[in-house]
Amino acid sequence: MMEKMIIGRYVPGESILHKMDPRSKLIIVFLFVCVVFIANNALTYGVLAAYTFLMVGMSKIPPRFLYGGLKPVLLLVLFTFLLHIFLTKEGELVFELGWLKVYEEGIRQGIFISLRFLLLILITSLLTLTTTPIEITDGLETLLNPLKKVKFPVHELALMMSISLRFIPTLMQETDKIMKAQTARGVEYNSGPIKERIKAIVPLLIPLFISSFKRAEELAVAMEARGYKGGEGRTKYRQLTWGLPDTTMILFLGAVTFLLILLRG
Amino acid sequence: MSKPLVSIENVSFSYDGQQTPALKNISFDILEGEWLAIVGHNGSGKSTLAKLLNGLQFPQEGSIAVCGITLSEDTIWEIRKNVGMVFQNPDNQFVGTTVRDDVAFGLENHGVPRDVMVERVQTSLDKVKMGTFLNQESHHLSGGQKQRVAIAGVLALQPAIIILDEATSMLDPRGRAEVINTVRELKERENITVISITHDLEEAAKADRIIVMNRGELYREGSPEEIFQMDEELIKLGLDIPFPVKMSKIMRQKGVGLSKSYLTEEELVTELWTSHSKM
Amino acid sequence: MDISLKNVEYRYQADSPFERLAITDVSIDIPSGTYLAVIGHTGSGKSTVLQHLNALLKPTKGSVVIGSREIKAGRKEKNLKGVREKVGIVFQFPEHQLFEETVEKDIMFGPMNFGVSERQARERARAAISLVGLPEEILEKSPFDLSGGQMRRVAIAGVLAMEPEVIVLDEPTAGLDPRGRKEIMDLFYTLHKKRNLSTVLVTHSMEDAARYADEIIVMHQGKVFTKGSPEHIFSNPKALIELGLDVPEVVGLQLKIEEAFGTKFKKISLSEEELAEMVARFLEGGGTK
Chain A
247 MMEKMIIGRY
257 VPGESILHKM
267 DPRSKLIIVF
277 LFVCVVFIAN
287 NALTYGVLAA
297 YTFLMVGMSK
307 IPPRFLYGGL
317 KPVLLLVLFT
327 FLLHIFLTKE
337 GELVFELGWL
347 KVYEEGIRQG
357 IFISLRFLLL
367 ILITSLLTLT
377 TTPIEITDGL
387 ETLLNPLKKV
397 KFPVHELALM
407 MSISLRFIPT
417 LMQETDKIMK
427 AQTARGVEYN
437 SGPIKERIKA
447 IVPLLIPLFI
457 SSFKRAEELA
467 VAMEARGYKG
477 GEGRTKYRQL
487 TWGLPDTTMI
497 LFLGAVTFLL
507 ILLRG
Chain B
96 MSKPLVSIEN
106 VSFSYDGQQT
116 PALKNISFDI
126 LEGEWLAIVG
136 HNGSGKSTLA
146 KLLNGLQFPQ
156 EGSIAVCGIT
166 LSEDTIWEIR
176 KNVGMVFQNP
186 DNQFVGTTVR
196 DDVAFGLENH
206 GVPRDVMVER
216 VQTSLDKVKM
226 GTFLNQESHH
236 LSGGQKQRVA
246 IAGVLALQPA
256 IIILDEATSM
266 LDPRGRAEVI
276 NTVRELKERE
286 NITVISITHD
296 LEEAAKADRI
306 IVMNRGELYR
316 EGSPEEIFQM
326 DEELIKLGLD
336 IPFPVKMSKI
346 MRQKGVGLSK
356 SYLTEEELVT
366 ELWTSHSKM
Chain C
3 MDISLKNVEY
13 RYQADSPFER
23 LAITDVSIDI
33 PSGTYLAVIG
43 HTGSGKSTVL
53 QHLNALLKPT
63 KGSVVIGSRE
73 IKAGRKEKNL
83 KGVREKVGIV
93 FQFPEHQLFE
103 ETVEKDIMFG
113 PMNFGVSERQ
123 ARERARAAIS
133 LVGLPEEILE
143 KSPFDLSGGQ
153 MRRVAIAGVL
163 AMEPEVIVLD
173 EPTAGLDPRG
183 RKEIMDLFYT
193 LHKKRNLSTV
203 LVTHSMEDAA
213 RYADEIIVMH
223 QGKVFTKGSP
233 EHIFSNPKAL
243 IELGLDVPEV
253 VGLQLKIEEA
263 FGTKFKKISL
273 SEEELAEMVA
283 RFLEGGGTK
């Protein structure tokens, strides 16, 4: 199941969204998270949904893949929906089944809130699906740059993030390898009582910790050997380029926001 | 190819909390443009020596001078610019998320302007034949490719010396050959000084000079020919004899007339041919 | 215990955009008592094959028979412990799997997972540690205080203490110095003979494959390229060289000598002495056929 999860995963591609500057994408996601709360009736939710699906279309990511990857999250959305249906006791009673009473407002709220949830997930997934983690890091670093004035360790934070990103695949491979080695020594990770399974974590975590420490140590030595001595006096190789699509897309979201305010009930 | 680029004088070193010193009173010079192999069994002190050369550790006794500069806390950054190092584990020295970022890392550290960086990243990757992998991520590369990227990262800083600290020991035969061939080409074209720390004797056989370390001491120093005459002695030191040397010896025992032991298969075959085909 | 793979296919991350076919139509028989070497490039599917030998991976097509147990594609397999107890795997850099406070506990870990009593496991640990050539005092130490070579041996002892009938080795000597390499390979060979084990060695070293194996399988691009005795495999060195694989140094030298003299010896020799004798005899005969 984990293999199909797409949250936080990057899918290479050539779409406009892929080519955009990570800064503009970050800004758009941030704006969208705020804008979502403007919607309060069927029409405005419709506009938001249309915007989101337009973005999905522009990303050229196969919808089937998106659906497959978000399946586990859809359960959560459904849960939110049900929660609202059962717990909201406002508006007219729509139907009654024994102790279960469903009200009009409940259905309305359920639909709207789970839709809002779903759209947020879609837009943020689009960010990670079309932007490499390192681009996100770069984008954040530049956007947060003004904070350096208040001694916020922007460079260190960005370096930490990029190194963690670099080592995620390595650690995944390592985890898989140790898990297999311990399975071969009789540990069961996929079956057996919960108590046993929790116990089985120890022979996985300890080697993983130890090798991570070793890696960190070696990496630090390698970095030092290559002349790393902190952020000062460093130049930057990666460069972000802001283009016309970036400005256009931000303006477009601005227009959508304006429309939403107009149509708001 | 004559003046000493590195001179090591009476160096001793012990790790904290360890009773036996890792290095005992070591002295030798490294000449400009040479390929020096430092061999020895695991724990013979050869890797410690590499760390000292780059100022990652400091000797408790003796002194080290690199390019005329005596190594000290104040000069390490100067020296690190001149001494590039490639480590054993290909994964644990890959800092950037992609090939180009990794090569740029050292340049960024030294404050090289961006346009120079872009050019140097490309040329140094071309030199190790990784020029088409700019945007690859490390986990999609083979061990040999990662090590070549590491070499490019070192080259980008235009150092005088490259130290390979068991850089091939975790690679498969193909990766090992890739790295060794790359280094050899570089040495020929760029006149770079190479120090390779290894227990792979085939690799050492290609060097200009070999230093054999044993239990923290400099056991023997000489040309590959001289060192491989040691024969059984090498095996006692936990090392091996290169195949052509071993084979020459066995052939002599079986009555094949050979005047000496040969370091490469080619020399051995040529000798067999020239001394016997005329009969 | 016999193991056989029948038309095995394995796909990593099947049914996702990241799907990757690792091996296809692989059929291998490993009768009890065989020393099998699997050679091939990194990425040829060697390690994938290896992980099928004790059901760490289940085939996406075909089936694997391990002793009396059959593991078939598309079927849920439960309780594989019985299989894993009989087939021990020594992974590449096995020292990475050490985790206990003491060497002894770590070696006992495997056997105790398979239901061996503590007392017995302790005995096995004692036996295993001397088998890998380490002193008994080391049992009380923390595995993390040992040298790299010692850690490797402790990890190997941990697999040996399970007393498996089949030992699978994935590059067991990677990163060791020449002496360490030879000692470890000799250790496994002695065990193989003495305990009548089946041994499967996945290796890049053609020398080891030629020296120890009864049978060699060459993997290439996820398929079995060829299989046979070492004599058979290396009697056609050109085929291996075309795949970009090495041949044992002795074979390589023989080819070079044959080429220089424009001749062909009767057979491919796999040992240095044999080649030297052949060359000596050939030269006595005047360097011609």
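Note that the protein sequences, when read in sequence, are chains A, B and C. In terms of our numbering, the first sequence is residues 247 to 511. In terms of our numbering, the second sequence is residues 96 to 374. In terms of our numbering, the third sequence is residues 3 to 291. Cβ atoms here follow ideal geometry from the backbone N, Cα and C, with glycine treated the same way. The model shown is predicted, which means the values in this text are computed figures rather than measured ones.
- Local conformation of Tyr12 of chain C per DSSP, three classes: DSSP, read as helix, strand or coil, puts Tyr12 of chain C in strand.
- Message: Let me confirm a value: Ile440 of chain A is counted as buried when at least 16 other C-beta atoms fall within 10 Å, else exposed. Which label applies?
- Response: The C-beta of Ile440 of chain A has fewer than 16 other C-beta atoms within 10 Å across all chains shown, which makes the residue exposed.
- Terminal residues of the continuous beta strand (DSSP E) containing Gly230 of chain C? Start and end: 225-230.
- Query: Out of B:Trp368, B:Ser122, B:Glu104, B:Ala299, which has the shortest C-alpha to C-alpha gap to Ala262 of chain C?
  - Reply: For Ala262 of chain C, the closest alpha carbon among the candidates B:Trp368, B:Ser122, B:Glu104, B:Ala299 is that of B:Trp368.
- Message: Between Pro180 of chain C and chain B, is any beta-carbon pair separated by less than 8 Å?
- Response: Yes, Pro180 of chain C counts as interfacial toward chain B.
- Which of helix, strand or coil DSSP assigns to His294 of chain B: Looking at His294 of chain B - three-state DSSP - the assignment turns out to be coil, as it is neither helix nor strand.
- Task: Run the CB neighbour count on Glu336 of chain A, radius 10 Å, all protein chains shown included, and call it buried at 16 or more, exposed below.
- Result: The residue in question, Glu336 of chain A, is exposed, as its Cβ has fewer than 16 Cβ neighbours within 10 Å.
- Let me know if Gly201 of chain B comes out buried or exposed under the rule of 16 or more other beta-carbons within 10 Å of its beta-carbon. Gly201 of chain B comes out buried.
- Query: Along chain C, which residues have their Cβ under 8 Å away from the Cβ of Gln485 of chain A?
  - Reply: Neighbourhood of Gln485 of chain A in chain C, by CB distance below 8 Å: empty, with the nearest CB roughly 30 Å away.
- Distance, Cα to Cα, Gln324 of chain B vs Ser356 of chain B? Their Cα atoms are separated by approximately 8 Å.
- Query: Using the beta-carbon count (16 or more within 10 Å), is Met248 of chain A buried or exposed?
  - Reply: Because the pLDDT at Met248 of chain A is just 46, under 50, the model does not fix this residue reliably, and the point stays unresolved.
- Item | Cβ of Glu87 of chain C within 8 Å of any chain A Cβ | Chain A contact via Cβ: present.
- Give the single residue among C:Leu193, C:Gly150, C:Ala212, C:Val28 whose Cα lies nearest to the Cα of Asp179 of chain C. Taking only the C-alpha atoms, the option nearest Asp179 of chain C is C:Gly150.
- Task: Output yes if chain B places a C-beta closer than 8 Å to the C-beta of Ser261 of chain A; else output no.
- Result: Not closer than 8 Å to any Cβ of chain B, the Cβ of Ser261 of chain A fails to qualify, so no.
- Of all the CB atoms in chain C, is at least one closer than 8 Å to the CB of Pro268 of chain B? Taking 8 Å as the threshold, the shortest C-beta distance from Pro268 of chain B to chain C falls below it.
- For Val433 of chain A, does the three-state DSSP call read helix, strand or coil? Per DSSP, reduced to three states, the secondary structure at Val433 of chain A is coil, with no helix or strand assignment.
- Query: Pick from C:Lys240, C:Leu133, C:Pro113: whose alpha carbon is nearest that of Arg124 of chain C?
  - Reply: Proximity to Arg124 of chain C across C:Lys240, C:Leu133, C:Pro113 peaks at C:Pro113, based on C-alpha coordinates.
- Message: Quick check on DSSP: helix, strand or coil for Phe108 of chain B?
- Response: DSSP places Phe108 of chain B within a strand segment (E or B) once states are collapsed to three.
- Query: Three or more C-beta pairs closer than 8 Å, one from the segment 302-319 of chain A and one from the segment 394-410 of chain A: is that the case here?
  - Reply: With the cut-off at 8 Å, the segment 302-319 of chain A and the segment 394-410 of chain A do not touch.
- Going along the chain, which residues of the segment 134-150 of chain B sit with their C-beta nearer than 7 Å to a C-beta in chain C? Those residues of the segment 134-150 of chain B that come within reach of chain C (Cβ to Cβ, closer than 7 Å) are His136, Asn137, Gly138.
- Query: What does Gln53 of chain C touch in chain A if you count any residue whose Cβ is under 8 Å from its own?
  - Reply: Those within 8 Å of Gln53 of chain C in chain A are Lys426.
- Closer than 8 Å, CB to CB, is His371 of chain B near chain C or not? His371 of chain B counts as touching chain C.
- Item | Expected contact under 8 Å - CB spacing of Ala247 of chain B and Met225 of chain B to nearest Å | Sure, about 6 Å apart at Cβ, within 8 Å.
- Task: With a 10 Å radius around its C-beta and 16 neighbouring C-beta atoms as the bar for buried, classify Asp335 of chain B as buried or exposed.
- Result: Its Cβ being crowded by 16 or more others within 10 Å, Asp335 of chain B is buried.
- Determine which residues of the segment 432-447 of chain A have a Cβ less than 8 Å from any Cβ of chain C, and write them out in chain order. The residues in question are Gly432, Val433, Glu434, Ser437.
- Query: So is Gly473 of chain A in contact with chain B if we call contact Cβ pairs under 8 Å?
  - Reply: Yes, contact with chain B.
- Task: Could you work out which residue in A:Phe504, A:Gly500, A:Leu263, A:Ser270 is closest to Asp384 of chain A when comparing CA atoms only?
- Result: For Asp384 of chain A, the nearest C-alpha among the options comes from A:Ser270.
- If you drop the 5 nearest sequence neighbours on each side, which residues of the same chain put their C-beta closer than 8 Å to that of Gln155 of chain B? So the qualifying residues of the chain are Ser107, Phe108, Ser109.
- Message: I'd like the span of the beta strand (DSSP E) that includes Ile257 of chain B, first residue to last.
- Response: Here the beta strand (DSSP E) through Ile257 of chain B covers 256-260.
- Which ranges would you report for the beta strand (DSSP E) in the segment 129-177 of chain B if only whole runs of at least 3 residues count? Listed in chain order, they are 130-134, 156-161.
- Message: If we define contact as Cβ-Cβ less than 8 Å, is Phe263 of chain C a contact residue for chain B?
- Response: Output row for Phe263 of chain C: interface = yes.
- Beta-carbon proximity of Val216 of chain B to Val198 of chain B, cut-off 8 Å: For the pair Val216 of chain B and Val198 of chain B, the CB atoms are nearer than the 8 Å cut-off.
- Query: Beta carbon of Ser65 of chain C: closer than 7 Å to some heavy atom of the ligand MN?
  - Reply: With respect to the ligand MN, the structure offers nothing, as it holds no ligand at all.
- Task: Could you tell me whether the Cβ of Lys394 of chain A comes closer than 8 Å to any Cβ of chain B?
- Result: No, Lys394 of chain A lies away from the interface with chain B (no Cβ there is under 8 Å from its Cβ).
- Message: Distance cutoff 8 Å, beta carbons only. Does Ala404 of chain A sit that close to anything in chain B?
- Response: Ala404 of chain A does not count as touching chain B.
- Task: Check the Cβ of Thr429 of chain A against every Cβ in chain C and list those closer than 8 Å, keeping chain order.
- Result: Neighbours of Thr429 of chain A on chain C, chain order: Leu58, Arg86.
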